[in-house]
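Single-structure report; data block below.
Number of protein chains: 2
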Amino acid sequence: MNENAAGAGAATGAVAAPASGGRRTQRERKRATVSRLMDATISAIAEVGYAGTSIGEVCRRSGVSRGGLFRHFDSRLDLVIAAAEEVAARHLATARAWLGGHGGGLREALPMMRERHRDEINIVWFELAVAARSDAGLRDRLAPVADRFYRAISDLGRHVPELAALSDRDRHLLISTVRDLFDGETISRALVPEPGVEADRLTLIAEFAEFFIARRT
Amino acid sequence: MNENAAGAGAATGAVAAPASGGRRTQRERKRATVSRLMDATISAIAEVGYAGTSIGEVCRRSGVSRGGLFRHFDSRLDLVIAAAEEVAARHLATARAWLGGHGGGLREALPMMRERHRDEINIVWFELAVAARSDAGLRDRLAPVADRFYRAISDLGRHVPELAALSDRDRHLLISTVRDLFDGETISRALVPEPGVEADRLTLIAEFAEFFIARRT
DNA sequence: TGACTTAGCGACCGATTGGTCTCTAGGTTG
DNA sequence: CAACCTAGAGACCAATCGGTCGCTAAGTCA
């Protein structure tokens, strides 16, 4: 009868916890609920896909009612676009943190990049990108977000010493190519896993990048 | 009221046309209907995605009734798996025909491969591969088909002179990598098209493939 | 405190989903 | 021709879809 089964357990509601006592401001209440909805939407897309992420599914996972959801998002599309922006931001934040704290060169950055593209966060992104191909409404809303996201990924390459010397154009060519490759690999490996090939491929990509850099500098 | 609007116009029903006169055998009737359903399923997945390819959508496109559809396929999953097998077969047939009639080397084979991966046929395949990630029933049925399909693609490489000398392992590594790259590219370009980058990328892949071949032989 | 606003709930709506069932049309076989 | 079988049609089913609406709960502010 009641869709709200998950409760607040899975949510990161603590983010907007009251500063003191049991009383929360309206701002805090709103933030906490939106945050639970975001987490639920992201995990739903990752686990049951874009098509399976119905309003009911998100309500079930978040413990928020339909009425509560539609208070903060006008439509499913609005919810999903918010999740896409969140997911792009998290992906970049994690990668940036790694590049900042780690002085690593190309041979360390590539496995990091592959790991990022296999993470739940990027799977959600990719799921939305694929759905956008055949859903005009989603595509129109997602395209500008994608444009910024993809550019930001290429810009991150500046923090890798070997790539810093490349022109913007060459660096973007190289990184966008590796990005597409990792995304394609994420799909084929879900269907036909080939751990040996994957290991060899990482070496191959590193050789490819070094070959490319040598030719262009 | 009636879903059957398309009629027989869009179908390739002519394949199973009666040998003479207006009378058809049961075999011919069945073949013609299944063929119309396959074409409708493939075009539907290509245009409205896997999730949008409902039984109703396929019936509308094919002009076959629900009863007629379920006469030949026990479930939507059966229909979709049949379409996947058809799509893999067509992809390979087209590529094989090109490689047979054309003596072309690597520099011609790569654009052909990219074109194949952008074709409606491969988009249908990829749409199913992505859906299979979060749909266990689909994944179980699609995995063996995918295994054969992917292996066949790598085997096609033997017909490209430059790749013939490589070991099976190296050839598979190279071709599966390019395959994943082209599939990933097909998605990102639908959202953020970059014709200039795509042109540069094709050259880049060719140069790298030549570099790889030189190192391994 | 009392008036007002925002957050959140869940019954409800019409449309659509995958699938079933009964019935008719058409081809096959004695 | 009669009996039989497969092909195909479409009304119908329960479940689920995205979204609405009237209501109560909680926070704000005079």
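Line by line, the protein sequences are chains D and F.
Letter by letter, the first sequence follows residues 1 to 217 of our numbering.
Letter by letter, the second sequence follows residues 1001 to 1217 of our numbering.
Note that beta-carbon positions come from the ideal geometry of N, C-alpha and C, so glycine has one too.
So, with DSSP's three-state summary, where would you put GLU239 of chain D?
Residue 239 of chain D lies beyond the stretch modelled for chain D, which goes from 1 to 217, so this question has no answer here.
Cutoff 8 Å: ASP1200 of chain F Cβ touching any chain D Cβ
The sequence position of residue 1200 of chain F within the second sequence is 200, counting from 1. So yes, ASP1200 of chain F belongs to the interface.
GLY49 of chain D, buried or exposed, once every other Cβ within 10 Å from all chains shown has been counted against 16
Here residue 49 of chain D refers to the residue found at position 49 of the first sequence. GLY49 of chain D comes out buried.
With a cut-off of 8 Å, does the C-beta of LEU1142 of chain F fall near any C-beta of chain D?
For the purposes of this step, residue 1142 of chain F is taken as residue 142 along the second sequence, with counting starting at 1. Output row for LEU1142 of chain F: interface = yes.
Answer with buried or exposed for SER1054 of chain F, where buried requires no fewer than 16 other C-beta atoms within 10 angstroms of its C-beta.
Numbered from 1 along the second sequence, position 54 holds the residue referred to as residue 1054 of chain F. By the neighbour-count rule (16 or more Cβ atoms within 10 Å), SER1054 of chain F is not buried but exposed.
Identify every run of the alpha helix (DSSP H) within the region 80 to 161 of chain D, keeping only runs that are complete inside it and at least 4 residues long; order them along the chain.
Entirely contained in the region 80 to 161 of chain D, the alpha helix (DSSP H) runs reaching 4 residues are, in chain order, 106 to 118, 120 to 133 and 136 to 156.
LEU166 of chain D - containing alpha helix (DSSP H), residue span:
For the purposes of this step, residue 166 of chain D is taken as the residue at position 166 of the first sequence. From DSSP, LEU166 of chain D is part of no alpha helix (DSSP H); its letter is neither H nor E.
If LEU1099 of chain F sits next to LEU1069 of chain F, beta carbons under 8 Å apart, how far is it from one beta carbon to the other, in whole angstroms?
Numbered from its first residue, the second sequence carries residue 1099 of chain F at position 99. Numbered from its first residue, the second sequence carries residue 1069 of chain F at position 69. Not really, about 36 Å apart at Cβ, beyond 8 Å.
At a CB distance below 9 Å, what residues from the region 1045 to 1056 of chain F approach chain D? Give them in sequence order.
For the region 1045 to 1056 of chain F, which is checked against every Cβ of chain D, the residues closer than 9 Å are ILE1045, ALA1046, GLU1047, VAL1048, GLY1049, TYR1050, ALA1051 and GLY1052.
Could you tell me whether the Cβ atoms of VAL1087 of chain F and TRP1125 of chain F are closer together than 8 Å?
Reading the second sequence from its first residue, position 87 is the one you call residue 1087 of chain F. Reading the second sequence from its first residue, position 125 is the one you call residue 1125 of chain F. In this structure, VAL1087 of chain F lies near TRP1125 of chain F, with their beta-carbon atoms less than 8 Å apart.
Starting from the beta carbon of VAL1087 of chain F, find every residue of chain D whose beta carbon is closer than 7 Å, and list them in chain order.
The sequence position of residue 1087 of chain F within the second sequence is 87, counting from 1. The premise fails here: VAL1087 of chain F is roughly 14 Å from chain D at the closest Cβ pair, so nothing lies under 7 Å.
Would you say ALA206 of chain D and ARG118 of chain D are within 8 Å of each other, going by their C-beta atoms?
Residue 206 of chain D sits at position 206 when you count from the first residue of the first sequence. Residue 118 of chain D sits at position 118 when you count from the first residue of the first sequence. The beta carbons of ALA206 of chain D and ARG118 of chain D sit no closer together than 8 Å.
For PHE1182 of chain F, the three-state DSSP class (helix, strand or coil)
By one-based count along the second sequence, residue 1182 of chain F stands at place 182. Helix at PHE1182 of chain F.
Starting from the Cα of ALA146 of chain D, find the closest Cα among F:ALA1143, F:ALA1190, F:ARG1076 and F:SER1154 and give me that residue.
As a first step, residue 146 of chain D is located in the first sequence; it is residue number 146 there, counting from the start. Of the candidates F:ALA1143, F:ALA1190, F:ARG1076 and F:SER1154, F:ALA1190 places its Cα closest to the Cα of ALA146 of chain D.
In this structure, does DSSP put ALA19 of chain D in helix, strand or coil?
Taking the first sequence and counting its residues from 1, one reaches residue 19 of chain D at position 19. With a pLDDT of only 44 at ALA19 of chain D, under 50, the local geometry of the prediction cannot be trusted, and the value read off the model is given with reservation. Secondary structure at ALA19 of chain D: coil, using DSSP grouped into helix, strand and coil.
Comparing the C-beta of ALA16 of chain D with each C-beta of chain F, is any distance below 8 Å?
On the first sequence, position 16 is the one that residue 16 of chain D refers to. Residue placement at ALA16 of chain D cannot be trusted, given a pLDDT of 40 that sits under 50; the coordinates are not used to answer.
Considering THR1033 of chain F, what are the terminal residues of the alpha helix (DSSP H) in which it resides?
Here the question's residue 1033 of chain F lines up with position 33 in the second sequence. Here the alpha helix (DSSP H) through THR1033 of chain F covers 1026 to 1052.
Delimiting residues of the alpha helix (DSSP H) encompassing GLY1196 of chain F:
To locate residue 1196 of chain F, count along the second sequence from 1; it is residue 196. Secondary structure note for GLY1196 of chain F: its alpha helix (DSSP H) is the uninterrupted segment 1195 to 1216.
Around the Cβ of GLU210 of chain D, are there at least 16 other Cβ atoms within 10 angstroms (buried) or fewer (exposed)?
To locate residue 210 of chain D, count along the first sequence from 1; it is residue 210. Looking at its Cβ environment, which holds fewer than 16 other Cβ atoms inside 10 Å, GLU210 of chain D is exposed.
Could you pull out every residue in the same chain whose Cβ sits closer than 6 Å to the Cβ of LYS1030 of chain F, ignoring the five residues on either side in sequence?
To locate residue 1030 of chain F, count along the second sequence from 1; it is residue 30. Answer for LYS1030 of chain F: no residue qualifies.
Taking the alpha helix (DSSP H) that SER65 of chain D falls in, what are its first and last residues?
Residue 65 of chain D sits at position 65 when you count from the first residue of the first sequence. Taken as a continuous stretch (DSSP letters only), SER65 of chain D belongs to no alpha helix (DSSP H), as it is neither H nor E.
Is GLY1101 of chain F buried or exposed, if buried means 16 or more other CB atoms sit within 10 Å of its CB?
Residue numbering aside, residue 1101 of chain F sits at position 101 when the second sequence is read from its first letter. With fewer than 16 Cβ atoms within 10 Å of its Cβ, GLY1101 of chain F is classed as exposed.
Using a Cβ cut-off of 7 Å, pull out every chain F residue sitting near THR217 of chain D, in sequence order please.
Stepping through the first sequence from its first residue, residue 217 of chain D is reached at position 217. Residues of chain F passing the Cβ test: none, with the nearest at roughly 15 Å.
Suppose you measure from the CA of GLY184 of chain D to the CA of LEU204 of chain D; what does that come to, to the nearest Å?
Position 184 of the first sequence holds residue 184 of chain D. Position 204 of the first sequence holds residue 204 of chain D. Our two residues, GLY184 of chain D and LEU204 of chain D, have alpha carbons roughly 16 Å apart in a direct line.
Against chain D, does HIS1172 of chain F count as a neighbour if the rule is that its beta carbon must be under 8 Å from one of theirs?
Counting from 1 along the second sequence, the entry for residue 1172 of chain F is found at position 172. By this cut-off, HIS1172 of chain F is an interface position.
At the level of alpha carbons, what is the spacing between VAL178 of chain D and ARG1027 of chain F?
Mapped onto the first sequence, residue 178 of chain D falls at position 178. Mapped onto the second sequence, residue 1027 of chain F falls at position 27. Taken atom to atom, the span from the alpha-carbon of VAL178 of chain D to that of ARG1027 of chain F is near 50 Å.
Which of the residues in the region 1184 to 1196 of chain F, read from start to end, lie with their CB under 8 Å from any CB of chain D?
For chain D, the residues of the region 1184 to 1196 of chain F that bring a beta carbon within less than 8 Å of one of its beta carbons are GLY1184, GLU1185, ILE1187, SER1188, ALA1190, LEU1191, VAL1192 and GLU1194, in chain order.
Option in F:GLU1162, F:LEU1092, F:ALA1095 and F:VAL1058 with minimal Cα separation from SER1043 of chain F:
Reading the second sequence from its first residue, position 43 is the one you call residue 1043 of chain F. Minimum Cα distance to SER1043 of chain F is reached at F:VAL1058.
Does ALA152 of chain D come within less than 8 Å of chain F when only Cβ atoms are used?
Position 152 of the first sequence, counted from the first residue, corresponds to residue 152 of chain D. Answer no: the Cβ-Cβ gap between ALA152 of chain D and chain F never drops below 8 Å.
DSSP three-state call for VAL1192 of chain F: helix, strand or coil?
By one-based count along the second sequence, residue 1192 of chain F stands at place 192. In the three-state reduction of the DSSP assignment, VAL1192 of chain F falls in the coil class, being assigned neither a helical nor a strand state.
Along chain D, in chain order, which residues have C-beta atoms closer than 8 Å to that of LEU1181 of chain F?
Position 181 of the second sequence holds residue 1181 of chain F. Those within 8 Å of LEU1181 of chain F in chain D are THR177, ASP180, LEU181 and GLY184.
Just how far apart, CA to CA, sit ARG1116 of chain F and ALA1046 of chain F?
Locating residue 1116 of chain F in the second sequence gives position 116, where the first residue counts as 1. Locating residue 1046 of chain F in the second sequence gives position 46, where the first residue counts as 1. Each residue's Cα considered, the two are about 14 Å apart.
Who are the neighbours of ALA131 of chain D on chain F, taking C-beta pairs under 7 Å?
The count along the first sequence starts at 1 and reaches residue 131 of chain D at position 131. Within chain F, the residues near ALA131 of chain D are GLY1049.
Work out the CA separation of ALA109 of chain D and GLY21 of chain D for me, nearest whole Å.
The residue labelled residue 21 of chain D in the question sits at position 21 within the first sequence. The residue labelled residue 109 of chain D in the question sits at position 109 within the first sequence. Reliability fails at GLY21 of chain D, whose pLDDT of 48 lies under 50, so the model's placement of it is uncertain and the value that follows must be treated cautiously. So the alpha carbons of these two residues sit roughly 45 Å apart.
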